[in-house]
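K.L.:
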């Protein structure tokens, strides 16, 4: 399927009111992992919201990405509890290990490294989420080992 | 025609029959904590091991997946209830341990006191204490959390059997909207989202406002880092939120409501969606609820990651599909909210109290707490504290009791330094404030706030200037940019704090921070900006010596700020095992095998890897 065809399927939703804008963007990102430029115009046409405003909403919220993501997404929590228990060291170790900055994807497209403000799993700090799986009580070493399991297993769920 | 109460009774009896038909009195029940905390601690692997083991042994047991009972530090938690025996709670249950428990206690008769935490019962069992006697639970009063960890959050029948939706039936059957509002006002309930505005008064304003339709919006955008009360409440007992919202909608005259949920809480959102569907199917939501003629429809709106959307006007803009930017008040949402209509905006924590107030009365609610802060409050107690978890205490409980009683003090062999309450809008309180009563007024006087309920405990290894910098990084990046004092003020404050932590602070910097704080507090448009200086102000107020050490002596007393510390190897302790040299990511460590190693400070990035891998405590930070 081409991107246009994919978008047509994703956006074949009957909701076209203005308050459907954020849910539509979430739906696109949920399916594609990011919001491509084409989607902005499609959604604009569908909802009657000017493309500039769609872009404004899109870039306002931290959840939305404009670039494709890697096969696995690692989100390192930088909340207060994680901070006092050493999350900066976890992030540094992963940056070094994967040779990427937060927000970037590795050259082999295996991992996107992301920062997140708080995952609400503070009692198990420091915490990270790989795809949908939450890992707590991390050390830099443990975090790297966990991340490597995703590479080896080829598990993208 | 059947009354709402009669219809409710019929639905409840059916639920009881369904529950009774799936369980028998002689069956063993096993409860497993599968909130986000339980899952993150490995609860799914434990569940899998438990199911496999029960199947292999051909044991018929009922497995109930429950929400968080609060003891996150002991997750994964597994509780076993044998017929005629008290419920026994086991902590840190790995797959291996759950297999042992099945062998020894489910099949055998040894309750394994060595693995048990407590009985979840008034009575102890042999060497296993009652949970009422555990320091963690002794001074708690679980009123809001009464179902969390006890019922299956995905089963409306479980909620109904525990008197769920009875308060709604009572409301629709025998109370006028005005009576409901009066009851909430008499209870003295104040908003649990942080600001502490009297809830009943807000309801009254919305009810009496002109305009139609009216809306109700529930703030489930729990954005404070270090806070997860609402997540646990919704994951553990989602129907209580729906019931509270439906009662509130009846009181103010709204037919449509929205729950603005946080995108980072997928499990809670999933459970809430399921609960709404169940409530609709059973007639607790939708048209003509319990035959009363009252209609209420509830929709979840998922947030998209913007802290400022915790502010009520920003949140409503986001629900409308716009950028979540606040606007000046008045008009308040009660007059002009969602799509310009009168709107009631309440926090999840507030809504969790409503069914209790209707069910047990205002007097019951207000019998605990202080004169101005009634009832209980749920806190997430986290950070460098021994027992981290979810706790519910009456207002007025001293900080010391929460941190050292319930929390068991500081983890490891360290000294207490500060407790941070209220997230980025709150402050850091030192040891001299530990005897303060936790209530809205007292914490505000000390420069902090009760806030939504995050309580982050910090030990002596925490640098307070770094903490202030941490919070300003947060508020600066979350500032929506609409008003200048917040957009530029937080940036200037952050730059100043960064300079100080880099060892480039100047003697005028403390005064500069105080001046900026004053302007930002006074001139910002919304709560985010107005409260953003609080972490800086409280750390200057209580830990000024640390700022001065950074600025004047270029020294970080807690040995946190990288520009002011060096790593060195103690030649006496170093055995020359080469482990540190092999792990150093920048090859800053050299030395021959079995000889003391040396760190080159020019190359060292102070990443701390060597200290973490050293098995001989030979790495010194100074």
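Residue numbers (this note's numbering), protein chains in the order written: chain D, 5 to 161; chain Z, 26 to 647. Just so it is clear, CB atoms sit at the ideal spot from N, CA and C, and this is done for glycine as well. If you're wondering where the values come from, they're calculated on a predicted model, not measured in any experiment.
Starting from residue 617 of chain Z, follow the alpha helix (DSSP H) in both directions and report where the run begins and ends.
P.N.:
Position 592 of the second chain, counting from 1, holds the residue named residue 617 of chain Z. Per DSSP, residue 617 of chain Z belongs to no alpha helix (DSSP H) and is neither H nor E.
K.L.:
Whose C-beta lies closer than 7 Å to the C-beta of residue 40 of chain D among residues of the same chain, with five residues either side of it excluded?
P.N.:
Here the question's residue 40 of chain D lines up with position 36 in the first chain. Correct list, in chain order: 7.
K.L.:
Tell me the rounded alpha-carbon separation between residue 142 of chain Z and residue 45 of chain Z.
P.N.:
Here the question's residue 142 of chain Z lines up with position 117 in the second chain. Here the question's residue 45 of chain Z lines up with position 20 in the second chain. If you take the alpha carbons of residue 142 of chain Z and residue 45 of chain Z, they lie about 29 Å apart.
K.L.:
Kindly list the residues whose CB is nearer than 7 Å to the CB of residue 130 of chain D, restricted to its own chain and excluding five residues on each side of it in sequence; keep chain order.
P.N.:
Residue mapping note: residue 130 of chain D aligns to position 126 of the first chain, counting from 1. Same-chain partners within the cutoff: 81, 86, 89, 90, 91, 94 and 142.
K.L.:
Touch check for the region 39-54 of chain Z and the region 90-108 of chain Z: three-plus C-beta pairs under 8 Å?
P.N.:
Yes: at least three Cβ pairs fall under 8 Å.
K.L.:
Grab the span of the beta strand (DSSP E) containing residue 479 of chain Z for me, first residue to last.
P.N.:
Here residue 479 of chain Z refers to the residue found at position 454 when the second chain is read from its first residue. Unbroken beta strand (DSSP E) run through residue 479 of chain Z: 479-484.
K.L.:
Does the CB of residue 91 of chain D have a neighbour CB from chain Z at under 7 Å?
P.N.:
Taking the first residue of the first chain as position 1, residue 91 of chain D is located at position 87. Not an interface residue.
K.L.:
Establish whether the CB of residue 87 of chain D and some CB of chain Z are separated by less than 7 Å.
P.N.:
Taking the first chain and counting its residues from 1, the one referred to as residue 87 of chain D is at position 83. So, interface residue.
K.L.:
What residues of chain D sit near residue 525 of chain Z, judged by a beta carbon separation below 8 Å?
P.N.:
Sequence index remark: in the second chain, residue 525 of chain Z carries index 500 (1-based). Going along chain D, no residue has its Cβ under 8 Å from residue 525 of chain Z, so there is no contact; the nearest lies around 17 Å.
K.L.:
Where does the unbroken alpha helix (DSSP H) through residue 263 of chain Z begin, and where does it stop?
P.N.:
As a first step, residue 263 of chain Z must be located in the second chain, where it is residue number 238. It spans 263-277 - the alpha helix (DSSP H) in which residue 263 of chain Z sits, taken as one unbroken run.
K.L.:
From residue 301 of chain Z to residue 246 of chain Z, what does the alpha carbon distance come to, in whole angstroms?
P.N.:
As a first step, residue 301 of chain Z must be located in the second chain, where it is residue number 276. As a first step, residue 246 of chain Z must be located in the second chain, where it is residue number 221. Between residue 301 of chain Z and residue 246 of chain Z, the C-alpha separation is close to 18 Å.
K.L.:
If you run the structure through DSSP and keep just helix, strand and coil, what is residue 115 of chain Z?
P.N.:
Residue mapping note: residue 115 of chain Z aligns to position 90 of the second chain, counting from 1. Looking at residue 115 of chain Z - three-state DSSP - the assignment turns out to be strand.
K.L.:
Please list, in chain order, the residues of the region 288-320 of chain Z that have any C-beta partner in chain D closer than 9 Å.
P.N.:
Residues passing the 9 Å Cβ filter: 288, 289, 290, 291 and 293.
K.L.:
Write down every uninterrupted run of the alpha helix (DSSP H) in the region 143-228 of chain Z whose length is 4 residues or greater and which is fully enclosed by it, in chain order.
P.N.:
160-163, 181-186, 191-199 and 202-212, all fully within the region 143-228 of chain Z.
K.L.:
Do residue 493 of chain Z and residue 561 of chain Z have their C-beta atoms within less than 7 Å of each other?
P.N.:
As a first step, residue 493 of chain Z must be located in the second chain, where it is residue number 468. As a first step, residue 561 of chain Z must be located in the second chain, where it is residue number 536. Closer than 7 Å, so yes.
K.L.:
Let's test the definition: count the other Cβ atoms within 10 Å of the Cβ of residue 52 of chain D and tell me whether it reaches 16, buried, or not, exposed.
P.N.:
Taking the first residue of the first chain as 1, we reach residue 52 of chain D at position 48. Counting Cβ neighbours within 10 Å, residue 52 of chain D comes out exposed, since fewer than 16 surround it.
K.L.:
Could you tell me the distance, in whole angstroms, from the CA atom of residue 159 of chain Z to the CA atom of residue 150 of chain Z?
P.N.:
Numbered from its first residue, the second chain carries residue 159 of chain Z at position 134. Numbered from its first residue, the second chain carries residue 150 of chain Z at position 125. Taking the straight line from one Cα to the other gives about 14 Å.
K.L.:
For a minimum of 3 consecutive residues, which ranges assigned as the beta strand (DSSP E) are wholly contained in the region 312-355 of chain Z?
P.N.:
DSSP runs (the beta strand (DSSP E)) wholly in the region 312-355 of chain Z: 322-327.
K.L.:
With which residues is residue 403 of chain Z paired in a DSSP beta bridge?
P.N.:
Numbered from 1 along the second chain, position 378 holds the residue referred to as residue 403 of chain Z. Residue 403 of chain Z pairs with Z:417.
K.L.:
Residue range of the beta strand (DSSP E) that residue 81 of chain D falls in?
P.N.:
Along the first chain, read from residue 1 onward, the residue named residue 81 of chain D stands at position 77. From DSSP, the beta strand (DSSP E) with residue 81 of chain D extends over 76-81.
K.L.:
Quick one: grab the DSSP three-state call for residue 542 of chain Z.
P.N.:
By 1-based counting over the second chain, the position of residue 542 of chain Z is 517. Residue 542 of chain Z: helix per DSSP, three-state reduction.
K.L.:
With distances taken from CA atoms, which of Z:128, Z:350 and Z:453 is nearest residue 482 of chain Z?
P.N.:
Position 457 of the second chain, counting from 1, holds the residue named residue 482 of chain Z. It is Z:453 whose Cα lies nearest to the Cα of residue 482 of chain Z.
K.L.:
Going by Cα to Cα distance, which pick from Z:633, Z:306, Z:433 and Z:427 is closest to residue 445 of chain Z?
P.N.:
Sequence index remark: in the second chain, residue 445 of chain Z carries index 420 (1-based). Residue 445 of chain Z has its Cα closest to that of Z:427, out of Z:633, Z:306, Z:433 and Z:427.
K.L.:
Residues of chain D with a CB under 8 Å from the CB of residue 438 of chain Z: which are they?
P.N.:
The residue given as residue 438 of chain Z occupies position 413 in the second chain. None at all; the shortest Cβ gap to chain D is about 16 Å.
K.L.:
Please confirm if the region 305-313 of chain Z is in contact with the region 344-361 of chain Z, defined as three or more CB-CB distances below 8 Å between the two stretches.
P.N.:
The region 305-313 of chain Z is not in contact with the region 344-361 of chain Z.
K.L.:
Spell out whether any CB of chain D is found under 7 Å from the CB atom of residue 376 of chain Z.
P.N.:
As a working mapping, residue 376 of chain Z is identified with position 351 in the second chain. So no, residue 376 of chain Z is outside the interface.
K.L.:
Mind checking which residues open and close the alpha helix (DSSP H) that includes residue 452 of chain Z?
P.N.:
Taking the second chain and counting its residues from 1, one reaches residue 452 of chain Z at position 427. Residue 452 of chain Z -> not in any alpha helix (DSSP H); beta strand (DSSP E) instead, spanning 452-455.
K.L.:
For residue 500 of chain Z versus residue 463 of chain Z, is the C-beta distance shorter than 7 Å?
P.N.:
Translated into positions along the second chain, residue 500 of chain Z becomes position 475. Translated into positions along the second chain, residue 463 of chain Z becomes position 438. No, they are not a contact pair.
K.L.:
Using a C-beta to C-beta distance shorter than 8 Å, which residues of chain Z count as neighbours of residue 83 of chain D?
P.N.:
As a first step, residue 83 of chain D is located in the first chain; it is residue number 79 there, counting from the start. Chain Z residues near residue 83 of chain D: 250 and 251.
K.L.:
In the DSSP assignment, find the beta strand (DSSP E) that holds residue 644 of chain Z and state where it starts and stops.
P.N.:
In the second chain, counting from the first residue as 1, residue 644 of chain Z sits at position 619. 644-646 is the span of the beta strand (DSSP E), which, as asked, contains residue 644 of chain Z.
K.L.:
Measuring straight from C-alpha to C-alpha, what distance separates residue 251 of chain Z and residue 448 of chain Z?
P.N.:
Here residue 251 of chain Z corresponds to residue number 226 of the second chain, with the count starting at 1. Here residue 448 of chain Z corresponds to residue number 423 of the second chain, with the count starting at 1. So the two alpha carbons sit approximately 7 Å from each other.
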